[in-house]
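Worksheet for the structure shown next.
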Amino acid sequence: MSNSTNEICAVIVTYNPVVNRVMDLVEQLKQQGCDSIIVDNSTYSSELLNECTNKYKCLHKNVGIAKAQNIGIEECLSRKYKYVIFFDQDSSINPTFISTLLQPLCENSYNICAPIFFDETKGFEYAIIDINKNGKRRKIFSEGKTEPFTTSTVISSGTVVRTDIFDNVGLMDDSLFIDYVDTEWCLRCFSKGIIVHIIPSARMIHSIGDKSFNIFGFCVPVHSAQRRYYRVRNSIHLLRYPHVPKILALREIIFCLIHSFLLIIKQKNKLEYVLSFLNGVRDGVVNIKGENPRTYKR
Numbered sequence: 001m002s003n004s005t006n007e008i009c010a011v012i013v014t015y016n017p018v019v020n021r022v023m024d025l026v027e028q029l030k031q032q033g034c035d036s037i038i039v040d041n042s043t044y045s046s047e048l049l050n051e052c053t054n055k056y057k058c059l060h061k062n063v064g065i066a067k068a069q070n071i072g073i074e075e076c077l078s079r080k081y082k083y084v085i086f087f088d089q090d091s092s093i094n095p096t097f098i099s100t101l102l103q104p105l106c107e108n109s110y111n112i113c114a115p116i117f118f119d120e121t122k123g124f125e126y127a128i129i130d131i132n133k134n135g136k137r138r139k140i141f142s143e144g145k146t147e148p149f150t151t152s153t154v155i156s157s158g159t160v161v162r163t164d165i166f167d168n169v170g171l172m173d174d175s176l177f178i179d180y181v182d183t184e185w186c187l188r189c190f191s192k193g194i195i196v197h198i199i200p201s202a203r204m205i206h207s208i209g210d211k212s213f214n215i216f217g218f219c220v221p222v223h224s225a226q227r228r229y230y231r232v233r234n235s236i237h238l239l240r241y242p243h244v245p246k247i248l249a250l251r252e253i254i255f256c257l258i259h260s261f262l263l264i265i266k267q268k269n270k271l272e273y274v275l276s277f278l279n280g281v282r283d284g285v286v287n288i289k290g291e292n293p294r295t296y297k298r
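Those letters in the sequence shown? Residues 1 to 298, by UniProt numbering.
Here it is, written out as structure tokens:
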């Protein structure tokens, strides 16, 4: 499997994936002239994934999304690709997805391009969240737009990046491990004058987060207690980044506290959520980063 132009490569991060689904994505990318690198956070390697992609690296442990992405990025840089595009293990794309995102990058001086996202099960459009330098959030919907529009933040899956900007901006912050990784990196780009262009004609089916429930006017995603730890801890860490507006960081902390409180009320395994919340607050306050050594039963 080879890419004659050596222009673009996908970094696909997996963790105990449905192998056939990842193989389908690799094949979709191959048909569109896009190479692929799979960085697998699973304990055991997959021979099928190793055979279907240009490069397969099983880490034999979960090192987090950021470090796995960085391993893929560094591989792309060593192979001299001009562009890298990120996917997760549940991604699926249409036959013109890559060319629709690449064309604006090639024809304009864009550095980052991303698609419009639609929910996998219900079909609704996810809002693009734009954050200004003062921390004010604004939800943007495509609403029939045909021309590219800009935002300061976007989720990493389906996003294509010009590889030469990593020299200026740096890689993902792997000390965060999982939550707020793409938000922090995008805001780091924004602080250096690098913005994200949303391409309305590029559309991607995606599932963001776990199940959710509504209570007291809040839509609360039901993450595991382990995942809530990172969410709480890293929201506090956002306060320490000079390029993250303090108003935004405070908002995320408040919403994390509210969501954690509602999960403790709603979920049966209350003690696990209480412990993960307390650990997250403590580690955030005393500036502990990286992987959480504790485990919480689900």
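Even for Gly, the Cβ is constructed at its ideal location relative to N, Cα and C.
- Closest by C-alpha distance to Pro242, out of Ser191, Gln89, Gly284 and Tyr229, is Ser191.
- Residue environment for Tyr296: buried (at least 16 other C-beta atoms within 10 angstroms of its C-beta).
- Taken through DSSP and simplified to helix, strand or coil, Arg294 comes out as coil.
- Judged by pairs of C-beta atoms under 8 Å, the region 144-160 does not touch the region 16-35, as fewer than three such pairs exist.
- Residue Met172 holds the alpha-carbon nearest to the alpha-carbon of Asn70 among Leu29, Met172 and Tyr273.
- In the DSSP assignment, the residues bridged to Glu125 are Phe118.
- Per the C-alpha coordinates, the member of Val285, Gly290 and Arg251 positioned closest to Asn134 is Arg251.
- When DSSP states are grouped into helix, strand and coil, Thr150 belongs to the strand group.
- Residue range Val196 to His206 is occupied by the beta strand (DSSP E) that includes His206.
- Membership of Cys106 in the alpha helix (DSSP H) is indicated by the continuous run Phe97 to Glu107.
- Per DSSP, reduced to three states, the secondary structure at Thr43 is coil, with no helix or strand assignment.
- From the listed residues Val160, Ile198, Ser156 and Arg203, the smallest Cα separation to Trp185 is found for Ser156.
- A distance below 6 Å between beta-carbons, with the five flanking residues on each side excluded, links Gly280 to the following residues of its chain, in chain order: Tyr229, Val232 and Arg233.
- The residue among Val285, Arg21 and Ser42 with its C-alpha nearest the C-alpha of Ser92 is Arg21.
- By the criterion of at least three beta-carbon pairs nearer than 8 Å, the region 118-125 is not in contact with the region 48-62.
- DSSP lists Asp40 as the beta-bridge partner residues of Thr14.
- Linking Leu238 to Leu187 through their CA atoms gives a straight-line distance of about 11 Å.
- The C-beta separation of Cys58 from Ser42 comes to about 6 Å, placing the pair in contact by the 8 Å criterion.
- Between the alpha carbons of Asn292 and Ser235 lies a gap of roughly 15 Å.
- Excluding its 5 nearest sequence neighbours in each direction, Val63 has C-beta neighbours in its own chain below 7 Å: Asn41, listed in chain order.
- Residue pairing by DSSP places Asp130 opposite Arg138 in a beta bridge.
- By the C-beta density criterion, Val18 is exposed, having fewer than 16 other C-beta atoms within 10 angstroms.
- Your pair Ile37 and Gly72 checks out as a contact, with CB atoms roughly 5 Å apart and the cut at 8 Å.
- By the neighbour-count definition (other C-beta atoms within 10 Å, threshold 16), Glu107 is an exposed residue.
- Nearest Cα to Tyr180 within the set Glu7, Asp119, Ala66 and Met23: Ala66.
- In the DSSP assignment, Asp24 falls within the unbroken alpha helix (DSSP H) covering Val19 to Gln31.
- DSSP places Val160 inside the beta strand (DSSP E), whose first and last residues are Val160 to Arg162.
- Listed in chain order, the non-local C-beta contacts of Val26 below 7 Å within the same chain comprise Ser36, Cys52 and Thr53, local neighbours out to five positions each way being set aside.
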